[in-house]
């Protein structure tokens, strides 16, 4: 008979967590003990021994988990800016955190887990504590009490300014303000259909008496103080020297030009050059030259280009279909071909007076025409006087008449002219309520007459004698308020006028064709040609003409007397006799 056995299976031990309690069940029928592993935070003890790795347990073991607590705290951070003139505080409040065992289902191999729970929050920092924190880091200056009160009644704060010192004030360096433009820029008007690029020139110029620059004085820096009550030294300003050079002067803090010319600025110095020098030709790329002082062109003036100087002009390589105007004695070397040259200056105040007198004359001419038109067409009633019409027109249509009158009075006084008939009349008839007293239009005609007279007298006074030296001119027109001195081969079919003398200084200089007129004297070498080209020489009635050799068809004009040379002659001398007759002394060739 076989033997009958009952089969009994083994059961391993188990463990689980419920309500923060670790519950263990022993194995059955030779099963294995349950295993428990400690959590990442907190402390696990078995039989009063701390366990740091998996461990077998039974119901008889004393198992204890000690909860882990992170205390609540205030994290205070005080920081500064770079120069320590501002202190910032950041405060972060962290609550207390308790880590408990987390409930876990039954397992034979249990790894404990925990859960965190926030508890009490640390107390808000008070004003006294804040002040103590500042003392710890030695902050003592510029503490903001309002900020302290705010922080003591708030929660977390981030970079709140809690103290503010005084920044050191940076020095203000000496500087200079330049009033002349050192880089002229071309501006094109889109509304203008045709642009003459020759009129663009890049020369900066000034007149005597103009303010060139202002020196602006700076200041040294001012000391500051940081939040630790320490002084922050202010820096001293740099030593910069600005000065006035040639052609300028320093008055107070202004640099003023003492001459007309080209203003310059470099390395703290301002000066005025009395001459503008161009080391190339005057072309469309340079633009026309316009300068208030002397000009030197170390090249030539090309077609259509012009040079204007309120001083002298020196041109090294000639003028070709160009325009030259200068006020002082000038020289043009090389050839002058198909060009216009004007040399001579004017008194500036008298020139202004002439311009303003002419302007008033134009206004009055228009005013008279308007009055006549209104009267002829019966646009005004018979009882309206001329004075009423004139005053009304000046107040409505001719508002500039009183302005021009005031300028005329001012510049006449500047010119030390105290007996001007024009000034007397404009005061009596054209300024303020005076026009209403005009009884007849003829009173305006009287002003017009005096304007013409004064303009004529001024034009006689303003000319300043200047000379011109040339070598050769062809098919050109030259006008000089002084002498024309010809040092080269001469002239060909050109028109010359000199208020004083025309002198050919070279023995073999030739003048063929054209017309020469001088105020006093023409002294020439060779005039005309063997072919008999017509050449005219003219002087005022008190002048004379001397020619070494003159060919037939040379015309001598003195005052209103004229003589035509019929045969080639030498040592010709033409002048007016005491009886008023024209005498031409000569020897036949």
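In our numbering, the protein residues as written are 23 to 611.
For glycine and all other residues, C-beta sits at the position ideal for the given N, C-alpha and C.
- Under the three-state reduction of DSSP output, residue 465 falls in the helix class.
- Taking residue 572 as reference, the option from 291, 429 and 595 with the minimal CA-CA separation is 595.
- Cβ-Cβ distances below 6 Å link residue 333 to 315, 316 and 350 in the same chain, with the five nearest sequence neighbours on each side left out; the list follows chain order.
- In this structure, residue 460 and residue 444 do not form a Cβ contact; the two beta carbons are roughly 16 Å apart against a cut-off of 8 Å.
- DSSP places residue 190 in the coil class of the three-state scheme, outside both helix and strand.
- Annotated as proximal: residue 504 and residue 366, with beta-carbon spacing under 9 Å.
- The residues 390, 393, 394 and 408, in chain order, have a CB closer than 8 Å to that of residue 463 in the same chain once the five nearest residues on each side in sequence are set aside.
- Taking the Cα positions, residue 111 is about 18 Å away from residue 144.
- Within the same chain, no Cβ atom closer than 7 Å to the Cβ of residue 397 is found once the five residues on either side in sequence are excluded.
- CA-to-CA, the gap between residue 120 and residue 190 works out to about 51 Å.
- Taking C-beta separations shorter than 8 Å and ignoring five residues to either side along the sequence, the partners of residue 456 in its chain run 449 and 450, following chain order.
- Cβ-Cβ separation between residue 269 and residue 290: approximately 16 Å, too far for a contact (criterion under 8 Å).
- A straight-line Cα-Cα distance of about 27 Å links residue 547 and residue 602.
- The three-state reading of DSSP puts residue 134 in coil, since its state is none of H, G, I, E or B.
- A straight-line Cα-Cα distance of about 20 Å links residue 148 and residue 163.
- For residue 80, there is no enclosing beta strand (DSSP E), since its DSSP letter is neither H nor E.
- Of the residues 76, 495, 566 and 544, the one whose Cα lies closest to the Cα of residue 356 is 495.
- Across the set 274, 287, 266 and 345, the C-alpha of 266 shows the shortest separation from the C-alpha of residue 280.
- Taken through DSSP and simplified to helix, strand or coil, residue 501 comes out as strand.
- Within the stretch 26-73, the complete beta strand (DSSP E) segments at least 3 residues long are 36-40, 43-47, 56-59, 65-68 and 71-73, listed from N- to C-terminus.
- Between residue 329 and residue 304 a beta carbon distance of about 6 Å is seen, short of the 8 Å cut, so the two are scored as contacting.
- Note on geometry: alpha-carbon atoms of residue 578 and residue 533 lie some 14 Å from one another.
- In the three-state DSSP reduction, residue 607 falls in the strand class (E or B).
- When C-alpha distances from residue 600 are compared across 610, 609, 564 and 574, the shortest belongs to 564.
- Taken through DSSP and simplified to helix, strand or coil, residue 527 comes out as coil.
- Cα atoms of residue 306 and residue 340: separation of roughly 16 Å, rounded to the nearest angstrom.
- When only Cα atoms are considered, residue 331 and residue 241 end up about 43 Å apart.
- Annotation for residue 103: no beta strand (DSSP E) segment contains it, and DSSP assigns it neither H nor E.
- Within a 10 Å sphere around the beta-carbon of residue 327 sit 16 or more other beta-carbons, which makes this residue buried.
- Residue 440 sits exposed, since fewer than 16 C-beta atoms from the chains shown fall within 10 Å of its C-beta.
- Residue burial annotation: residue 263 is exposed, with fewer than 16 other C-beta atoms found within 10 angstroms of its C-beta.
- Annotated three-state conformation of residue 410 is helix, per DSSP.
- Residue 559 has its alpha-carbon roughly 6 Å from the corresponding atom of residue 539.
- Counting along the chain, the unbroken beta strand (DSSP E) around residue 537 starts and ends at 532-540.
- If you look at residue 168, you'll find it in the alpha helix (DSSP H) that goes 167-173.
- Scanning its chain for C-beta atoms nearer than 6 Å, with the 5 sequence neighbours on each side dropped, one finds around residue 359 the residues 342 and 496, in chain order.
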